[in-house]
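Novice: Numbering-wise (my numbering), the sequence shown opens with residue 3 and increments by one.
Where a beta carbon is used, it is the ideal one built from N, C-alpha and C, also for glycine.
Quick caveat: nothing in here was measured; it's all calculated off a predicted structure.
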Amino acid sequence: MEILKSYSALKQERAAITGKTAFVPTMGALHDGHLALVKEAKKYADNVIVSIFVNPTQFGKNEDFGKYPRNIESDIAKLTPHPFPPPQGGRVREGADFLYLPQIEDIYPDGEKISVKAGKNAEGLDGDFRTGHFDGVCTVVSILFDQVQPDFAIFGEKDYQQLMVIREMCEQQTETSELKTKSRSQFTVHSSPTIIGVPTLREADGLAMSSRNVYLSAEERKLAPMIYKELCVVRDALRVDNKAISKAQDALTQHGFKLQYLEQRWNRLLIAAYLGNTRLIDNIALD
Ligand code: AMP
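In structure tokens form, the structure reads like this:
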């Protein structure tokens with residue numbers, strides 16, 4: 003795996019790549035959910051590029067940018083392909099071909115002035131509770147797409163609204179391109195990649211894997227799978243019980259969750275709740 007620590011290093015390598023390229027953008031602190039995206043990427047392309055960049059513009063003022071888990075050595079080990087046969091106790095892992103680790107100046111050479119505005123899918127749900135979050139996501143993702151020029155880009159269904167926002171951004175590529183060229187003339191605009199969604203990977207007890215799960219205390223960690231359990235209860239009861247959502251809200255509140263939303267959209271059930279200081283999100287398909 004080639005590690006590319008600047009945009010100029012990426013640019014040089016990218017020019018030499020032939021064949022299809024699949025891209026997996028992440029913020030690091032990698033877990034098996036991220037690795038499932040890398041595995042999926044391999045199905046689409048000969049070259050898999052993973053990026054790790056904790057993007058400041060998608061964090062609100064009072065959010066966890068400063069303490070977001072960063073563990074680059076362990077991330078590199080997880081992305082490095084395992085040889086065959088794998089090490090004892092290890093699994094065969096194809097890994098990534100390139101790991102892009104941009105510095106802040108590679109992404110925002112002019113400071114954080116530029117912004118790509120997210121579309122309608124950013125309204126409601128997280129959009130109501132994380133002001134500017136999806137604009138930050140669209141900004142960093144479009145800059146990364148411009149730099150990496152992938153044929154495919156792989157995102158997790160874990161962040162379902164994000165997946166919908168990015169799909170919308172790519173569909174409205176012309177409009178977005180105009181915005182980008184206005185604000186960022188030094189970047190040529192490339193065609194949008196095909197966006198691939200990957201189902202959420204869960205711990206054995208149902209908790210959706212997340213880099214933020216390390217924030218949970220032992221007690222909170224035991225309680226956290228209730229989010230997924232309640233989603234399943236509501237999904238199964240919804241057709242026969244129109245109070246299913248409010249019953250789940252009550253059950254979660256009684257157990258100490260501070261619910262932000264539990265709503266139906268895109269034929270899914272989506273939830274965000276605080277458990278102590280940790281914000282958890284999850285969602286499931288409705289049929
Ligand atoms: P993050 O590093 O949290 O920004 O996530 C990078 C990508 O991994 C995003 O597309 C996420 O949706 C995806 N992802 C995070 N957790 C999971 C999970 N448990 N299962 C599948 N994909 C995930």
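Rounded to whole angstroms, what is the Cα-Cα separation between V26 and K119?
Specialist: When rounded, the distance between both Cα atoms is 21 Å.
Novice: Label A287 either buried or exposed according to how many other C-beta atoms from any shown protein chain fall within 10 Å of its C-beta, with 16 as the threshold for buried.
Specialist: A287 is exposed by the Cβ-count criterion.
Novice: Name the residue from H84, H135 and F55 whose alpha carbon lies nearest to the alpha carbon of I106.
Specialist: The residue with the shortest Cα to Cα distance from I106 is F55.
Novice: On a CA-only basis, which of M29, E221, L261 and D108 is nearest P233? Give me that one, please.
Specialist: Here residue 233 is Leu; the residue named in the question, Pro, does not match the sequence. Looking at the Cα atoms, L261 is the closest of the given residues.
Novice: Under the three-state reduction of DSSP, which class applies to K184: helix, strand or coil?
Specialist: Because K184 sits at a pLDDT of 49, beneath the cut-off of 50, its placement in the model cannot be relied upon, and the following sentence gives the value as read from the coordinates. Here K184 sits in helix by DSSP.
Novice: Going by DSSP, what residues sit across from I229 in a beta bridge?
Specialist: In the DSSP output, where bridge partners are listed per residue, I229 has none listed.
Novice: Taking one C-beta from the segment 269-277 and one from the segment 144-152 each time, how about it: are there three or more such pairs within less than 8 Å?
Specialist: At 8 Å Cβ cutoff, the stretches do not touch.
Novice: Alpha carbon to alpha carbon, what distance is there between P58 and I116?
Specialist: Distance between the alpha carbons of I116 and P58: 13 Å.
Novice: With a threshold of 16 other CB atoms inside 10 Å of the CB of N123, please say whether the residue is buried or exposed.
Specialist: It is buried - the Cβ of N123 has at least 16 other Cβ atoms within 10 Å.
Novice: My output table needs one value for L2: the three-state DSSP class, helix, strand or coil.
Specialist: Outside the displayed range of the chain (3 to 289) lies residue 2, so it cannot be described from this structure.
Novice: Just checking my contact of T141 with L218 at CB under 8 Å: how many whole Å lie between their CB atoms?
Specialist: The Cβ separation is near 29 Å, so there is no contact.
Novice: Determine the contact status of L32 and K80, defining contact as a CB-CB distance below 8 Å.
Specialist: In contact: L32 and K80 (Cβ atoms closer than 8 Å).
Novice: So E96 and K44 are in contact, right, with Cβ under 8 Å, and what is the actual spacing, rounded?
Specialist: Their Cβ separation, rounded to whole angstroms, is 5 Å, which keeps E96 and K44 in contact under 8 Å.
Novice: According to the neighbour-count rule (16 or more other Cβ atoms, all chains shown, within 10 Å of its Cβ), is G138 buried or exposed?
Specialist: The residue in question, G138, is buried, as its Cβ has 16 or more Cβ neighbours within 10 Å.
Novice: Any idea if V216 is buried or exposed, counting beta-carbon neighbours within 10 angstroms, 16 or more meaning buried?
Specialist: So V216 ends up on the exposed side.
Novice: By the three-class DSSP mapping on this structure, what secondary structure does N285 have?
Specialist: If DSSP states are grouped into helix, strand and coil, N285 belongs with the strands.
Novice: Determine, using beta carbons only, whether P195 and F136 come nearer to each other than 8 Å.
Specialist: No, these two residues do not count as a Cβ contact at 8 Å.
Novice: When you compare only the Cα positions, how much space is there between N64 and P111?
Specialist: When rounded, the distance between both Cα atoms is 24 Å.
Novice: In chain order, what residues of the same chain have a beta carbon less than 6 Å from the beta carbon of F67, not counting five sequence neighbours either side?
Specialist: Counting only Cβ-Cβ distances below 6 Å, and skipping sequence neighbours, we find P58 and F61.
Novice: What distance in whole Å lies between the Cβ atoms of S144 and M171, which are believed to be in contact at a cut-off of 8 Å?
Specialist: The pair is a contact, with the Cβ atoms about 7 Å apart (cut-off 8 Å).
Novice: Just how far apart, CA to CA, sit I19 and S10?
Specialist: Cα to Cα, I19 sits roughly 15 Å from S10.
Novice: Measuring straight from C-alpha to C-alpha, what distance separates A47 and K22?
Specialist: Distance between the alpha carbons of A47 and K22: 5 Å.
Novice: Does the Cβ of T2 lie closer than 7 Å to at least one heavy atom of the ligand AMP?
Specialist: With the chain running from 3 to 289 in the structure shown, residue 2 is simply not present.
Novice: Just verifying my parser: in three-state terms, what is the DSSP assignment at V26?
Specialist: Looking at V26 - three-state DSSP - the assignment turns out to be strand.
Novice: Do I51 and A98 have their C-beta atoms within less than 8 Å of each other?
Specialist: Taking 8 Å as the Cβ cut-off, I51 and A98 qualify as a contacting pair.
Novice: Measuring alpha carbon to alpha carbon, tell me which of E173, K245, K224 and G199 ends up nearest E205.
Specialist: Among E173, K245, K224 and G199, the Cα nearest to that of E205 is on K224.
Novice: Compute every distance between the C-beta of V200 and the non-hydrogen atoms of the ligand AMP, then say whether any falls below 7 Å.
Specialist: Yes, the Cβ of V200 comes within 7 Å of a heavy atom of the ligand AMP.
Novice: Hey, out of M211, R241, N244 and I198, whose CA is closest to I229's CA?
Specialist: Nearest of M211, R241, N244 and I198 to I229, Cα basis: M211.
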